[in-house]
Each structure stands twice: as structure tokens, then as C-alpha cells.
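The listed protein sequences correspond, in order, to chains A and B. At the far end of the first sequence sits residue 990, using our numbering, and the numbering has no gaps. At the far end of the second sequence sits residue 636, using our numbering, and the numbering has no gaps. The beta carbon of each residue, even a glycine, is placed where N, CA and C say it ideally should be. Only a predicted model underlies this, so the values are computations on that prediction, with no experimental measurement involved.
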Amino acid sequence: MATATSTWLTPPTRTELIENLVSGVDRYNPSNVGILEDYLYHQIRSQEYDCLANLAILKLYQFNPDLYNPDVVVNILLKALTAAPFPDFNLCISLIDDRPVNANPDEPDPLPQLLPLLTNLHNLIHQCRFPAFWTLYRSDSLESIRENYTVECIGFEDSIREVVARAVRATFTRIGKERLGSYVDLQGEELEQFAARQGWTSDSSNFVIPSNPDNQIEAIVVQESIKLPQLSKVIAHSTKTQ
Amino acid sequence: MSQQRMALWAAEADLDEDIHDVDISLAMGSSYQGAAIYEEAAHQPSLDESALLAMAQQAAFAQIPDVVKRFIVHFHQAVLDNNLAEITAAYESGWNRLTEKYYAKTEWPEAEIIAPLVNDDQIFLILYRELYYRHVYSRLQPNIDDRFHSYENSCELFNYLLNSDGPVALELPEQWLWDIIDEFIYQFQSFCAYRAATPTKLKAKSDDELVMLSEGGTQAWSSYSVLNVLYSLIQKSRVNEWLKAKREGRSDEEIGEIVGDYGARPLYRMLGYFSIIGLLRVHVLLGDFTLGLKVMENVELTQKSTVTRVTACHVATYYHVGFCYIMLRRYPDAIRTFVQILNFVLRMRQYHTRSYQYDQINKTADRMYALFAICHALSPSRLDDNILNIVREKYGEQVTKMSKGEEGIPAFEELFLYACPKFISANPPPYDDPDALAALIEDPPTEPAQRHLTLFLSDVRAHVPVPTLRSFLKLYTSLDAAKLANFLDADEEEMVQQMMVLKQASRSVARAALGGGGASEGTEGSSSLSLLEGGYINTSDLSFAIDDNMVHIAESTVGRRYAGWFIRNTEHAQRVLDGLRASPLPGTPQQLQAAAAAAAAVKGGKPQDAQAQDGAAPATGGKKVAWGGAKVAA
Numbered sequence: 749m750a751t752a753t754s755t756w757l758t759p760p761t762r763t764e765l766i767e768n769l770v771s772g773v774d775r776y777n778p779s780n781v782g783i784l785e786d787y788l789y790h791q792i793r794s795q796e797y798d799c800l801a802n803l804a805i806l807k808l809y810q811f812n813p814d815l816y817n818p819d820v821v822v823n824i825l826l827k828a829l830t831a832a833p834f835p836d837f838n839l840c841i842s843l844i845d846d847r848p849v850n851a852n853p854d855e856p857d858p859l860p861q862l863l864p865l866l867t868n869l870h871n872l873i874h875q876c877r878f879p880a881f882w883t884l885y886r887s888d889s890l891e892s893i894r895e896n897y898t899v900e901c902i903g904f905e906d907s908i909r910e911v912v913a914r915a916v917r918a919t920f921t922r923i924g925k926e927r928l929g930s931y932v933d934l935q936g937e938e939l940e941q942f943a944a945r946q947g948w949t950s951d952s953s954n955f956v957i958p959s960n961p962d963n964q965i966e967a968i969v970v971q972e973s974i975k976l977p978q979l980s981k982v983i984a985h986s987t988k989t990q
Numbered sequence: 003m004s005q006q007r008m009a010l011w012a013a014e015a016d017l018d019e020d021i022h023d024v025d026i027s028l029a030m031g032s033s034y035q036g037a038a039i040y041e042e043a044a045h046q047p048s049l050d051e052s053a054l055l056a057m058a059q060q061a062a063f064a065q066i067p068d069v070v071k072r073f074i075v076h077f078h079q080a081v082l083d084n085n086l087a088e089i090t091a092a093y094e095s096g097w098n099r100l101t102e103k104y105y106a107k108t109e110w111p112e113a114e115i116i117a118p119l120v121n122d123d124q125i126f127l128i129l130y131r132e133l134y135y136r137h138v139y140s141r142l143q144p145n146i147d148d149r150f151h152s153y154e155n156s157c158e159l160f161n162y163l164l165n166s167d168g169p170v171a172l173e174l175p176e177q178w179l180w181d182i183i184d185e186f187i188y189q190f191q192s193f194c195a196y197r198a199a200t201p202t203k204l205k206a207k208s209d210d211e212l213v214m215l216s217e218g219g220t221q222a223w224s225s226y227s228v229l230n231v232l233y234s235l236i237q238k239s240r241v242n243e244w245l246k247a248k249r250e251g252r253s254d255e256e257i258g259e260i261v262g263d264y265g266a267r268p269l270y271r272m273l274g275y276f277s278i279i280g281l282l283r284v285h286v287l288l289g290d291f292t293l294g295l296k297v298m299e300n301v302e303l304t305q306k307s308t309v310t311r312v313t314a315c316h317v318a319t320y321y322h323v324g325f326c327y328i329m330l331r332r333y334p335d336a337i338r339t340f341v342q343i344l345n346f347v348l349r350m351r352q353y354h355t356r357s358y359q360y361d362q363i364n365k366t367a368d369r370m371y372a373l374f375a376i377c378h379a380l381s382p383s384r385l386d387d388n389i390l391n392i393v394r395e396k397y398g399e400q401v402t403k404m405s406k407g408e409e410g411i412p413a414f415e416e417l418f419l420y421a422c423p424k425f426i427s428a429n430p431p432p433y434d435d436p437d438a439l440a441a442l443i444e445d446p447p448t449e450p451a452q453r454h455l456t457l458f459l460s461d462v463r464a465h466v467p468v469p470t471l472r473s474f475l476k477l478y479t480s481l482d483a484a485k486l487a488n489f490l491d492a493d494e495e496e497m498v499q500q501m502m503v504l505k506q507a508s509r510s511v512a513r514a515a516l517g518g519g520g521a522s523e524g525t526e527g528s529s530s531l532s533l534l535e536g537g538y539i540n541t542s543d544l545s546f547a548i549d550d551n552m553v554h555i556a557e558s559t560v561g562r563r564y565a566g567w568f569i570r571n572t573e574h575a576q577r578v579l580d581g582l583r584a585s586p587l588p589g590t591p592q593q594l595q596a597a598a599a600a601a602a603a604v605k606g607g608k609p610q611d612a613q614a615q616d617g618a619a620p621a622t623g624g625k626k627v628a629w630g631g632a633k634v635a636a
């Protein structure tokens, strides 16, 4: 049975080489950082995502501050944003905050400026404040992130819309078109197409979301179920005393 | 005093020569050189001084109480004989008793001074120093010399174990092996906290200390060297392969082939196993919660661990696994983990009071109650009412506050900081670069615990609207969104967005969804999968959906649970029956009478016992007394 976490733990797109790095002791070898960084850029170009491999990069940076590359870190964080509501973003942050001050004044480190912005974006997504997310994302203060990073990250905006779709699918049975539009920052034909891709049908002012385990309501009385192992002692005893 | 200590270490130079014969290259080798530089920094004693020193050493030797000398000789002999029972007695009671009596406030005699007692046995001296430094760390204040030397001593020990020709014949009790790994990581963490460059800590350091930190500090206790030791022990012992083979139910012969010469020896296997737990702990200290759970891949979390009976190890494992789950926002898994181990600690309490680790275990348990309180606030469940009641007793005030949204955040903060691991930074401050160090003091980095607190609180903040929304929804079966917004005095659109947060808070990834289920101990379905696996579960009894602008709500209820009560009492009745059958048949009329009286006593005890529910212990105790009385009568 595929579990909810199996793709997260081992994405089907992960190669054997990467798998060995992620799961073996070789993950600590600084000379492997290039392989993992290349893999990150591959993820960015081909809309793949491998959190554990990216955490392995951050781990190498944590232990070897001289390897640190702020562009890689920003890209990892952008990828992690699209994993909400899973905690990937914070898992990444817990490894990168642990970094001494950049000693090279010629090449100013962009991360200290960008990090608060990225954190704000993450908080808005995490709190499902999607319209506010788009407002911030489109604002002037995020110009550098848009122009230097997300433009390279293929399908970044669509991945955020997938986050929205997951939240909406779980909560709504019908949602107003205007409301959904503000969540995904789309209007008119584009919005209709987005909803159609999700398999949501359209009536005059609403999209209808098919029922799924999360948006169905049911008043259940949970009855206790007794598993065999719970009774093992009792049964074992009765056979022993016969 | 400090002058004398310094000189004593310097005089140790020729002793070091001997130890150098053992190849200490591995990864720790370079650090040893770092320490050698530092040795030079200490005063080189002149000839006269060394003569004086010899006298001082003799005087120090003469001062050792005879009983301590006898103890050391005896201890040494036990280690030489690999006599586990004697070693355990010396380790668990002798050492602690003498510590209380003679060394409650001072160091034990230095290894060099007692060396003549043990024929200069270097291996025993390494073990002795292991105890010596642990005593310094736990009872006294370690200075920088102690910190570097305890590191070197650990390296020598691990080096002896890993780089001798083949496995060494040494045998040590499990408890001691656990303590070696545990202490190694504790000292690592303690050193990292010590070297952290907060302005107050820097001011407290002398110039000598700063010099030593700049020269030896980057190598000694480096994260890489600590990980290297743990991984080496794991690989050498093939403990992961052993665990896997055990789970697959391989035969002893097959397992013997799989684990090889090292893994066949209990010393290596246990060190390997404890190193896995050690790795979990180091990863948590460094803020890598996924990796922490990943290294536990082959370890089964069950109550009846067949691997070790070391309680401290058991408790530490669950504490760190539970904490990882919190940081992964898998609160139901964290709750289950804490419930299991807290029940274990409660049961163990009656047997374990004599142990010197009892205090430590209790402290960790208290922190887990605090973590449980946090998880419960974020994801209420009724997995175990008993634990929940204890939590309410201990942290009632915080529990109330945490259910109150924004104003509860300080309570989360308080409990988190109290109960979280002592996080560390992976890298030392730049002691070798005065400019960078000065810049660091100008603009000090956030302390690790504060960083993780901030991350954790970001999730708590996202949860803020949840309790209020939930309590309102419970009152309705359907409700207009505008009306609800009106009640809450909130903007309608914002309130609808908060409903999505509520939805997210009502579901979670959990191992329980993998077929394990139930509050009982891990069943086969879930325990064979990595701790990181999980499926979706609903964590709330409240389900709702929004149809355009209308919120529909349904509440699930849990039927009363009888099974646990019946199972417990059936098992109890069986134990009583067993007790009756095992007792001698009545012979003479007097005995018969006495037995009847005793049976009445058992009967009388029963209802009361069923009420107490916790158990067998008082019942069997009472019965024994009754039968004992009968015998006396006969």
C-alpha cells in the first residue's frame, strides 16, 4: 500500500545515485555536494521535488560553511514552499539558520534580506491566507525573488495553486468563482481551465467539488474494535491451563 | 591548585607516548595533534619541578583512602576477568557509594596516581578516566582542560575498540555501554554550549581559554568527529544488518554470518545499537529531525524491546522520537510515542527507585508530560485519560492558557523551552579570527533553542483560530458563514480562510493509519515500516464542509470502551487462579482452616483491587502474606 509519505520519502523520480547519497554515509562527503546541487536544478527545471535530497544539501552546508551557496538555498526554500501544509519549509530553515556570518564583503549574501520575505510567504500559505500571499508575491518588495529565482523555477505559481487546490478540496463542496479566483490569482477563462484540470465542474457562480473523504461530513459513532494481540495473553493462558 | 593540575598533565607526556602506540588515526587523529599544540602551551616543567612532581604524586597517592585503593584493585581485577557481575557491582554501587563518601565535592584521584594499583593497565585507565570525567561533569564544574582531555580519552577508548586487530575481548555491562555513548554525546553538547560565543559567555572566558579554543577548539568535539565515532560503531558492529535479520526471523547461524566477528560480541552489538540512538539524539540536537527518524529505520519501537533492558536508553529513544514528530507536525504520532513511554515509566517506577538514574528518568518524563501538553493543545485526543490527568495536574495552568488562542502563546513558549532538547550549533564561533569574532559579538546569532522555538511557534500561530472556531461549530449543524463571521467579529473572507486552517488541523499524517491502530502496543503492521512513514488520519471528532457560504457540521462520538477493562481484569483473575493452583494442597485440619481464612482474605481484597485497577502488585502481595500466615500457623 502506498502511504501518504512514500512519495515524499522516495520520489519515483529519484535516481539510484541520489538514493545512495540520501540514505548512505556518503551524504556527509563534501565532494558530493555538486551532484546534489545539480539534482536540485534538475528538480527546478522539470517540476520535480525531493525534500530529503535537498535537506542533504543543507546538511552539507551546515557542516561545511565554505560550501554555502545562497542561490541554492533560496531555490530549496521556494521548492519547500510548494509542499505546504507539510513542514518542509521549516525543516529546511532549521538547518540553514545555523550559519556563521558571511565573511566576504565583496559578495554580499542575499539570503539575510530574502529570508524574512520567504518566511512571510510561507506563513501566509501555512495560514491559508492565499489572497494575501498573491498580493505579497506580486508586490515590489519581492521583485528580486521573482526576477532572479521563481522565473527559473518552472511551474512555481502552478505548484502554489496546487497547494490551494488541496486546501479547497478538503474544505469545500462548492466554492464561489470569485473566491477561488482570489485564492489562485486567476480570472475568467484561466480560472475555468484551472478548475477543469482539478476535475471540478462549473455552474453559474460556483465550482462544484466532487466529494472526497475530507469534504464529506458524517456523524459517526466510533465503536471500539478489539485486536487479536490484545487478547493474546488471555488466550495463551487458557491453552496453558487446559 | 590550578598550577599543580596544569603541571600534572604536562608530566603525563611520556605516558602519552605509550598511548600513541595504539593507532589513533581514524578521524580523530588530527584533533589529537591539535591537543598536542595545546600541551606545549602549558608550562614545560623543569627538572626540579618534575622531581617535586613525583613527590607530589606520591603524597597524593598516600592520601587515597585504603578502601578506595582496595576498590580500584578489585574493580581492575573484575575487568581483567571479564566478570560482568562483579563489574556491574563495582560500577553501579561501589563507585557511587565511594563517590558519596569521599568524592562528593572533589575529583576522584587522577588516573596517573592510581596507575601503580592497576599495573599501569592502559585500557583500565581509559575506562577509569571515563568514569573520572563523567564524575567531573555531573558533580563539579569541568574546566577547559577537562573538556579537551575527556574528548581525548573518549577517542582513545573508541580507537581501542575500533582499531585493534580484530574485536577486543573486553566485556562491559549494558548499562555502562549505554552510559559511555550517552555521556559522549552529553559532553559534546556541553562543549558546544560552552564554546558558543554569546557576549556573556565570552566575557567569562580567560585569555588562556580563548587561545585554546582558537587552536584546539575547531577539531576537538567537532560534529564530524562525533558522527564519525557513532557511524563507525554502527558499521563495525553491523547492528543494522542484525536488526533486519532478527526481524526477518533468520536463524542464529545465518545471523552469525551476517554480523561477522564484531557483531557477534555483545559489547560491539550493544555499542552499535546505542550509537543508533546516539545518532538520533545528535541529529535532533543539530535540528535535523527527518534524518533523526531516518537513522532509526531498523529499530522497532515496542514496549518489549528485545534489544536492551537499559531503561535510560528506552526513555531517551522515545523522548527524541516524540520530539522529532512534533517538529514534523505529526502531533498524533508524538502523543502516541509519549503515551507509550510515560506509561512505561509509571509502571517501572515501583521497581526502579534504587537506580542512580532514577532522577534523570523522572526529569525526562516531566519534560515529556510538558511536550504531551503541547501536542494535546494542538491536536486534542483522548488516547490515554490517565496520562492526560497527570498532565493537567502538572501543567494545568498552561493547558488552560494554550487553549485560548493568541494569549496562550507564552504558555507554548514556556513549555517548549523547558522541554526541548538542548539544541546546539554545528560550527564553532570563529575563535581563530578575532575580527570575525568581534563582528559576531556585535551582532550575535540567535541561540539555537530560540531558532527552533520560532519555527515551532509559526505553526502554533497558524493554529490560533482553531480552538475558537471549533467551539463555535460544535453548537451547530449548519451555519451561514456570514453569521459565523459576525459571531467572531471577523471579516467573512478571512474567517473562511481560517476554516481551511481548521481543516488542516483536523487531519494529520500518522503511523496509526498504517494498520497499526489502537492504543495498544505497536502491532506488526506499523512496526515494520520506517518511523517516517504514515497515512492520513482525522484527528478531530468534528467534521465540516463548506457549501458555497453555508457551513455544514457533524460531530462524531466515541462509544464507551469496555475491552481494556475486561482484558485487564481477566488477566488479573487468571493470575489469582494461577496463584491458587501453585500453592500447596491443604493437609491437616488446622492447615485447612488457615487456608479458608486466607481465601477469605483474598476474596476480601478483590473488589478493592478491581477498583484500584492498577493491579496485580497489591493483590499478590496481600495473598502472599495470607499464605505465609497459614504456614506459620502450621
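Check                                                                                                                                 : Outcome
Stretch pair the segment 930–940 of chain A + the segment 871–882 of chain A: three plus CB contacts closer than 8 Å                  : yes
Check whether D857 of chain A and P818 of chain A have beta carbons under 7 Å apart                                                   : yes
Whole-number beta carbon distance between T898 of chain A and N963 of chain A, since they are thought to touch under 8 Å              : That belief does not hold up - the Cβ atoms of N963 of chain A and T898 of chain A are roughly 30 Å apart, past 8 Å.
Per-residue DSSP class, three states only, for A832 of chain A                                                                        : coil
Stretch-stretch touch, CB-based, cutoff 8 Å, three pairs: the segment 784–803 of chain A with the segment 756–774 of chain A          : yes
7 Å Cβ cut-off: residues of chain B touching T753 of chain A                                                                          : V511, L534, E535, G536
Under 9 Å by beta carbon: chain A residues contacting Q576 of chain B                                                                 : K981, V982, H985, S986, T989
Alpha-carbon spacing of Q613 of chain B relative to G398 of chain B, whole angstroms                                                  : Confidence in Q613 of chain B is poor, its pLDDT being 41 and thus under 50, which makes the residue's placement unreliable; the coordinate value appears in the next sentence. Roughly 26 Å between the two C-alpha positions.
Residues that A918 of chain A contacts on chain B, provided the C-beta gap is smaller than 8 Å                                        : M502, K505, Q506, R509
Residue of B:H78, B:I89, B:L100, B:Q59 minimising C-alpha distance to V69 of chain B                                                  : B:L100
Three-state secondary structure (DSSP) of L82 of chain B                                                                              : helix
With 16 other Cβ atoms within 10 Å as the buried cut-off, status of P430 of chain B                                                   : buried
L163 of chain B - containing alpha helix (DSSP H), residue span                                                                       : 146–165
With 16 other Cβ atoms within 10 Å as the buried cut-off, status of G36 of chain B                                                    : Residue confidence is low: G36 of chain B scores 39 on pLDDT, short of 50, so the model does not pin down where it sits. Its coordinate-derived value is still stated next. With 16 or more Cβ atoms within 10 Å of its Cβ, G36 of chain B is classed as buried.
DSSP state of R384 of chain B mapped onto helix, strand, coil                                                                         : coil
L390 of chain B: contacting residues in chain A (beta-carbon distance under 7 Å)                                                      : In chain order: nothing, as chain A lies at least about 18 Å away.
A547 of chain B - partner residues in DSSP beta bridges                                                                               : B:H554
Beta-carbon contacts of I279 of chain B that lie in its chain and below 7 Å, excluding the five residues immediately before and after : C315, A318, T319
Chain B contact for C876 of chain A (CB, 7 Å cutoff)                                                                                  : yes
Where S405 of chain B sits in the DSSP three-state scheme                                                                             : coil
The segment 435–446 of chain B / the segment 464–474 of chain B touching (three or more Cβ pairs under 8 Å)                           : no
Partner residues on chain A for A464 of chain B, Cβ-Cβ distance less than 9 Å                                                         : P833, N871, H874, Q875, C876
Residue burial classification, V241 of chain B (beta-carbon count within 10 angstroms, cutoff 16)                                     : buried
C-beta contact flag for C840 of chain A and A828 of chain A at 7 Å                                                                    : yes
Length of the line joining the Cα atoms of P446 of chain B and A198 of chain B                                                        : 10 Å
Rounded Cβ spacing between F479 of chain B and I555 of chain B (contact assumed at less than 8 Å)                                     : Rather than Phe, the amino acid found at residue 479 of chain B in this sequence is Thr. Contact holds; Cβ gap of about 6 Å.
Beta carbon of R136 of chain B nearer than 7 Å to that of A113 of chain B                                                             : no
Whole-angstrom C-beta distance between Q59 of chain B and I115 of chain B, which should lie under 8 Å                                 : 6 Å
Where the alpha helix (DSSP H) through T755 of chain A begins and ends                                                                : 754–757
CB contact check: I569 of chain B to chain E, cutoff 7 Å                                                                              : In summary, chain E is missing from the structure at hand, where the protein chains are A and B.
Same chain, Cβ closer than 6 Å to I983 of chain A, five either side skipped, listed in chain order                                    : none
Partner residues on chain B for A915 of chain A, Cβ-Cβ distance less than 8 Å                                                         : M502, K505, Q506
Extent of the continuous beta strand (DSSP E) run through G561 of chain B                                                             : G561 of chain B -> no beta strand (DSSP E), and no H or E assigned at all.
Selection from B:L471, B:E496, B:L579 that minimises the alpha carbon distance to S545 of chain B                                     : B:L471
Contact set between Y789 of chain A and chain B, taken where Cβ atoms lie within less than 8 Å                                        : Ordered by position in chain B, no residue passes the 8 Å Cβ test against Y789 of chain A, which lies about 22 Å from the chain.
Identity of the residue in B:R338, B:G294, B:V301, B:R332 nearest H322 of chain B by Cα                                               : B:G294
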